[in-house]
Amino acid sequence: MDVHGKCPKCKSKKIDFKESINRFLYVTIYALVLMIIAWVGVRLNGTPVIFLFLGLFGAFVLFIVRLALDKKKIIQCTCLDCGTKWQRGPNDQ
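Everything in the sequence shown is counted per the UniProt record's numbering, starting at 1 for the first residue and increasing by one.
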């Protein structure tokens with residue numbers, strides 16, 4: 001990971017970084033996209049070809065959602081010397 005910094009309390013450079021995302025939001029958006037795609041397929045009286053294209057479209061939409069949520073990761077930092085914990089946003093330096 002290309003995140004560098006110092007502890008705000010003791011100025012140590014020994015820091016443990018962990019990335020996290022909002023998993024509830026992630027799962028909710030995935031489920032919503034899949035339900036909409038399934039509903040469209042049923043409403044169109046889908047043939048296998050229609051479901052194939054809907055599946056490919058759904059994979060593309062979920063990939064875009066994944067990229068959008070990856071930009072908003074929260075980085076949790078822990079100083080290995082003094083044990084201080086803090087969070088950083090994706091654009092904090």
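Ideal Cβ positions, reconstructed from N, Cα and C, are used throughout, including at glycine. Note that the structure is a prediction, hence the values are computed from the model and not measured.
Using a Cβ distance threshold of 7 Å, K6 and T84 do not count as a contacting pair. Measuring C-alpha to C-alpha distances from K18 to each of L80, I75, W86 and L25 identifies I75 as the nearest. Annotation for T78: D16 and K85 place their beta carbon closer than 6 Å to its own, counting only its chain and skipping 5 residues before and after.
Rounded to whole angstroms, V33 and N22 show a C-alpha spacing of 17 Å. Classified as buried, G58 has 16 or more neighbouring CB atoms from the shown chains inside 10 Å of its CB. As DSSP reads the structure, T78 sits in a beta bridge with D16 and K85. DSSP, read as helix, strand or coil, puts P8 in coil.
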